[in-house]
Amino acid sequence: MKILLIDNNRFITQWLKKALTERYYVVDVASDREMGWDLIATYKYDLLIIKGELSAKEGIDFVRKMRSRGYQTPILMLIDENNLDFGIQSLDAGADDYILKPYSIEELLARTRALLRRGQTNLTPVMEWGDLKIDPGSCEVTYSQQRLKLTPKEYRLLELFMRNGSRVLSPCVIRDNLWSFDEYPQQDAIKSHVKRLRQKLKRAGAFKDLIETVYGLGYRLNKKAEQAA
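Okay, here's the thing in structure tokens:
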């Protein structure tokens with residue numbers, strides 16, 4: 638899942654990005670709404686987290702402009718505790734939820750999960766592909782009930798495959814979903830992550846080519862692995 642955080646407070650953005658990244662999210666940061674617009678026009682995001690008081694009513698204006706242009710991405714607003722009216726105005730402008738400062742990271746993560754579920758209503762809580770199961774709520778991955786220990790990047794890569802079924806994912810699609818905009822991995826880095834993920838799946842007893850290479854195009858989950866269960 639990819640999140641865009643729009644906030645001009647560097648300390649807050651670093652804290653939030655670290656916390657969200659540790660929970661397996663990919664996070665881009667924009668310091669102002671102009672940069673935010675550029676990123677939204679370039680990448681697809683599953684959630685926007687916006688500081689309500691970017692400058693006067695910039696946060697609300699940003700939300701209103703997004704909705705007027707047809708963007709349906711869920712939006713969570715960060716609102717100062719003394720400005721409850723601002724939170725209400727944010728909802729009226731088209732935001733999906735707001736959270737008052739000071740807030741705990743656990744509360745923010747819970748609201749994040751709720752909005753992501755709301756924006757992905759076609760997804761089941763636990764995804765399965767044959768004997769492979771992944772629980773986005775707990776970030777737990779098992780194969781034949783054996784738990785796999787994955788790095789955050791490996792988890793996000795596997796989740797991306799699971800969410801797309803047998804659809805072929807090109808290296809560009811993988812890069813855009815797994816790395817933030819200020820990172821630019823080479824194709825060899827993507828191959829290395831796919832290779833390590835395959836090795837861990839194989840050690841757990843998974844189908845040899847559960848993640849298959851479609852030469853010249855990219856990678857996908859092998860339909861035979863799903864049918865073999």
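Per the working numbering, the sequence shown runs over residues 638 to 866. Built from N, CA and C at the ideal position, the CB exists for glycine as well. These numbers come from a predicted model, not from an experiment.
Do you know how far the Cα of residue j is from the Cα of residue i?
i, j, result
"Val778", "Tyr740", "30 Å"
"Leu769", "Gln651", "34 Å"
"Asn759", "Asn801", "Unreliable placement is indicated for Asn759, whose pLDDT of 48 sits below 50; the coordinate value is still reported in the next sentence. Their backbone Cα atoms lie some 12 Å apart in a straight line."
"Asp813", "His830", "15 Å"
"Val763", "Leu785", "15 Å"
"Glu849", "Asn859", "6 Å"
"Gln823", "Ser705", "37 Å"
"Trp674", "Gln836", "39 Å"
"Met672", "Glu695", "13 Å"
"Tyr821", "Arg750", "27 Å"
"Ile686", "Glu765", "29 Å"
"Ala656", "Arg755", "21 Å"
Smallest Cα separation from residue i: which of the options?
i, options, result
"Lys828", "Lys861, Ala843, Leu794, Arg804", "Leu794"
"Leu641", "Leu815, Val663, Lys655, Arg647", "Val663"
"Met638", "Glu849, Glu671, Trp816, Glu820", "Trp816"
"Gly774", "Asn859, Asp819, Leu653, Tyr661", "Tyr661"
"Cys654", "Glu849, Ile742, Leu752", "A small fix is needed here, since residue 654 is Lys in this sequence, not Cys. Here the closest residue by C-alpha is Ile742."
"Met799", "Asp772, Leu785, Phe818", "Asp772"
"Asp825", "Gln836, Asp733, Cys809, Glu849", "Cys809"
"Leu721", "Gly707, Pro711, Leu737", "Leu737"
"Arg748", "Arg784, Pro711, Glu718", "Pro711"
"Cys776", "Glu791, Arg840, Gly767", "Glu791"
"Leu787", "Glu718, Thr679, Arg840, Arg670", "Arg840"
"Tyr680", "Leu746, Ile811, Asp669, Trp766", "Ile811"
"Gly767", "Phe844, Glu695, Leu745, Arg755", "Phe844"
"Tyr682", "Tyr821, Ser705, Gln709", "Gln709"
Output needed for residue i: all residues of its chain with C-beta closer than 6 Å, excluding positions within five of it in sequence on either side, in chain order.
i, result
"Tyr627", "No statement about residue 627 is possible, as the shown extent of the chain runs from 638 to 866 and does not include it."
"Ile697", "Gln726, Ser727, Ala730"
"Asp665", "Leu641, Leu676, Ser817, Phe818"
"Glu718", "Leu737, Lys738"
Just to confirm before moving on: does the CB-CB distance between residue i and residue j stay below 9 Å?
i, j, result
"Asn645", "Lys688", "yes"
"Ala667", "Ile643", "yes"
"Tyr780", "Leu834", "no"
"Leu753", "Leu797", "no"
"Asp846", "Lys861", "yes"
"Ala732", "Val700", "yes"
"Gln783", "Gly842", "yes"
If you measure from the CB of residue i, is any heavy atom of the ligand NAP nearer than 8 Å?
i, result
"Glu791", "As far as ligands go, the structure on display features none, and thus does not contain the ligand NAP."
Among residues of its own chain, excluding the 5 on either side of residue i, which ones have a beta-carbon nearer than 8 Å to its beta-carbon?
i, result
"Ala693", "In this predicted model, Ala693 has a pLDDT of only 47, less than 50, meaning its place in the structure is not dependable; the value taken from the coordinates is given anyway. Once the five neighbours on either side are set aside, Ala693 has no close Cβ partner at all."
"Pro789", "Thr658, Glu659, Tyr661"
"Arg647", "Ser668"
If I measure Cβ to Cβ from residue i and keep anything under 7 Å in the same chain, skipping five residues before and after, which residues do I get?
i, result
"Leu746", "Arg660"
"Arg670", "Ile643, Leu691, Glu695, Phe699"
* Asked: So does the segment 841 to 855 actually touch the segment 798 to 816, counting three or more Cβ pairs closer than 8 Å?
  -> Judged by Cβ distances under 8 Å, the segment 841 to 855 makes contact with the segment 798 to 816, as three or more pairs qualify.
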